[in-house]
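Participant: Residue numbers (the numbering used here): 9 to 182.
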């Protein structure tokens with residue numbers, strides 16, 4: 009009988025040790041969770057900051073769009089917030105025509121230098137923004153003159169057509 013009591017006492021002590029070590033590991037878990045939270049916050053801050061890629065194209069989120077282009081939640085009347093004509097490329101990573109259009113837009117951004125700004129909006133990551141502009145097919149390009157109303161174009165356009173739209177809609181020459 010004594011060996012049974014001895015085993016029960018050992019089991020209770022072992023269980024107590026496991027519970028004690030589990031409770032002491034919770035602060036470590038909190039610090040890991042805090043690190044994850046800080047990492048997530050920094051990713052959101054990065055997404056909300058405007059930074060051009062190596063080609064000068066700026067990727068927009070819903071929030072940066074409202075700050076830099078047009079706050080569609082505050083007003084239904086178009087008011088462009090930018091200081092130079094722009095093209096906004098609504099695209100998705102899986103879209104083959106979007107991928108085919110990307111190098112042409114990069115060339116145009118370089119060729120027109122500081123005269124225009126090309127932005128990109130990922131429709132999968134910004135569905136509310138896509139819905140606000142009625143995007144039903146991609147690639148969709150929104151041509152925004154410095155003053156006046158923007159014009160939307162859908163589909164894979166050749167470079168010549170894009171240059172023509174830049175000249176006529178945006179009123180910009182090389």
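Where a beta carbon is used, it is the ideal one built from N, C-alpha and C, also for glycine.
This structure is a prediction, so every number in the text was calculated from the model and none was measured.
If you follow the alpha helix (DSSP H) that residue 110 is in, where does it begin and where does it stop?
Facilitator: Here the alpha helix (DSSP H) through residue 110 covers 104-119.
Participant: The alpha helix (DSSP H) that contains residue 70, what's its start and end?
Facilitator: Where residue 70 is concerned, the enclosing alpha helix (DSSP H) stretches over 70-76.
Participant: How should residue 138 be labelled, buried or exposed, when 16 other C-beta atoms within 10 angstroms of its C-beta is the threshold for buried?
Facilitator: Buried, because 16 or more other Cβ atoms sit within 10 Å of the Cβ of residue 138.
Participant: Just verifying my parser: in three-state terms, what is the DSSP assignment at residue 174?
Facilitator: Three-state result, residue 174: helix.
Participant: I'd like to check one pair, residue 148 with residue 73: are the Cβ atoms closer than 7 Å?
Facilitator: Result no, Cβ atoms of residue 73 and residue 148 do not sit closer than 7 Å.
Participant: Hey, out of 127, 180, 153, whose CA is closest to residue 70's CA?
Facilitator: Minimum Cα distance to residue 70 is reached at 127.
Participant: Pair every Cβ in the region 153-162 with every Cβ in the region 111-120, then say whether three or more of these pairs are closer than 8 Å.
Facilitator: In short, these stretches do not touch, since the Cβ pair count stays below three.
Participant: In the DSSP output, which residue or residues are listed as bridge partners for residue 99?
Facilitator: Beta-bridge pairing links residue 99 to 130.
Participant: Quick check: residue 164 and residue 109, are their CB atoms within less than 7 Å of each other?
Facilitator: Result yes, Cβ atoms of residue 164 and residue 109 sit closer than 7 Å.
Participant: Should residue 89 go down as buried or exposed, given a rule of 16 or more other Cβ atoms within 10 Å for buried?
Facilitator: It counts as exposed.
Participant: Note down, in chain order, each residue of its chain lying with its Cβ closer than 6 Å to the Cβ of residue 132, except the 5 sequence neighbours on either side.
Facilitator: Here the set comprises 100.
Participant: Measure the Cβ-Cβ separation of residue 96 and residue 180 and say whether it is below 7 Å.
Facilitator: Cβ atoms of residue 96 and residue 180: not closer than 7 Å.
Participant: Check the C-beta distance from residue 78 over to residue 92 and give it rounded, since I have them as a contact under 8 Å.
Facilitator: Not quite, the Cβ-Cβ distance comes to about 15 Å (not below 8 Å), so this is no contact.
Participant: Would you call residue 29 buried or exposed, if buried means 16 or more other Cβ atoms sit within 10 Å of its Cβ?
Facilitator: Low confidence applies to residue 29: its pLDDT is 44, below 50, so where it sits in the model is not reliable enough to give any reading.
Participant: With distances taken between CB atoms, is the gap from residue 142 to residue 162 smaller than 7 Å?
Facilitator: The answer is no: Cβ separation not under 7 Å.
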